[in-house]
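A.B. asks: Letter by letter, the sequence shown follows residues -22 to -1, 1 to 274 in mature numbering (1 follows the signal peptide of the UniProt record, and there is no 0). Even glycine gets a Cβ: it sits at the ideal position worked out from N, Cα and C.
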Amino acid sequence: MPPRRRWFLAYVWWLPLMMAAAEDQKGGSCSAKRCGNHTISRPFWLVDDKTGRSCGPLDFAVTCHSNRTPVLWSFGDDGFEITRISYEERSLRVVDLYKRNHLHNNTNSCHVPSWNASDQLGRLFRVDPVNLNLVLYNCTKVAAAVARRESALVQIRCGNKSNAFVRAGGRYDATDDYDRYHMEGCEATVVPVLGVHGMANASDYEQLISGGFLLTWQTDPLTKQIKKNTRIRMQERPHPTIEQPRLPTRKETHREEKWPDLVSPLKPSCRQRGPHALPLRKVEPERLPTENEYCE
């Protein structure tokens, strides 16, 4: 089946779960659950095949095979088996099930996938740079004859006569230019592996693939933005204010019973006008006029 058609069918199948996840996130996340020896908790969540209920982003969906094997959802056929998970370090060790199940001696024919591991992962996951590259080649008959003479290439041991090969690459780099692994007449696929003591021997490709590789994850940017906006709104709320003492109004300043001291210190010319004399100069509201503003 062509990759585009396979991804489209996977998208159609997961669309109801994606819509349900958006609704469920409004009401909170699901509680932690056990799958074999692993605890699956936020941000990961176990898929409920019976109810179709989901508890978070599709990237973190996990199915529990046979009630003992947690498998991370992917755009590929079989997903990634989780062998170790660290919530403190935000990392997990996974095994590409499709490659492990189709690239070994017990199969009648080789099925070398045409997509890299990074293409199968959700947008919130990254292949850790500690991994090494294992390069798989699916060659034509003519190219395979040439490849057999290459000392750096190891023929994949599956089927009666295999046109698939493998070689060890360098350190994994998401920005790496894979053109350096190009071979005429062959299709190359890059597989991250942890290796043994930082080394990868192409002859041990089955062991390397079964050993898995290291992934890290990051928080959903949308979730972080929602939390940030919530904090901003909380900060913008007005705090309770205490009423400050106010200045007396103009009418209050001319009432002798409340302000008897306003009359006595005035100049004689002011006293002649009486205690209710208006200021000769216009003053600002809420401010007591000075003596010069009363009389000149």
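1) Expressed to the nearest angstrom, what Euclidean distance is found between the alpha-carbon atoms of Val124 and Ser92?
2) DSSP three-state label for Asn109, please.
3) Please give me, in chain order, every unbroken run of the alpha helix (DSSP H) with length at least 4 that falls completely inside the region 158 to 191.
4) At the level of alpha carbons, what is the spacing between Ala10 and His16?
5) Report the three-state DSSP secondary structure of Ser140 (helix, strand or coil).
6) Out of Met177, Ala146, Arg104, point me to the one whose CA is closest to Ser69's CA.
7) I need the boundaries of the beta strand (DSSP E) containing Asp97, first residue and last residue.
8) Can you find at least 3 beta carbon pairs, one from the region 102 to 121 and one from the region 160 to 176, that sit closer than 8 Å?
9) Short of 8 Å in beta carbon distance, which residues of its chain neighbour Lys4, apart from the five on each side in sequence? Order them along the chain.
10) In the DSSP assignment, find the alpha helix (DSSP H) that holds Val124 and state where it starts and stops.
11) Helix, strand or coil for Lys11, going by three-state DSSP, please let me know.
12) What residue range does the alpha helix (DSSP H) around Arg78 cover?
C.D. replies: According to the structure data:
1) About 21 Å.
2) coil
3) 183 to 189
4) Whole-angstrom Cα-Cα distance: 10 Å.
5) coil
6) Arg104
7) It is not in any beta strand (DSSP E) - Asp97 instead sits in the alpha helix (DSSP H) that spans 95 to 98.
8) yes
9) Legend: pLDDT at Lys4 = 43, less than 50; position of this residue unreliable, no value from coordinates given.
10) 119 to 125
11) strand
12) 75 to 80
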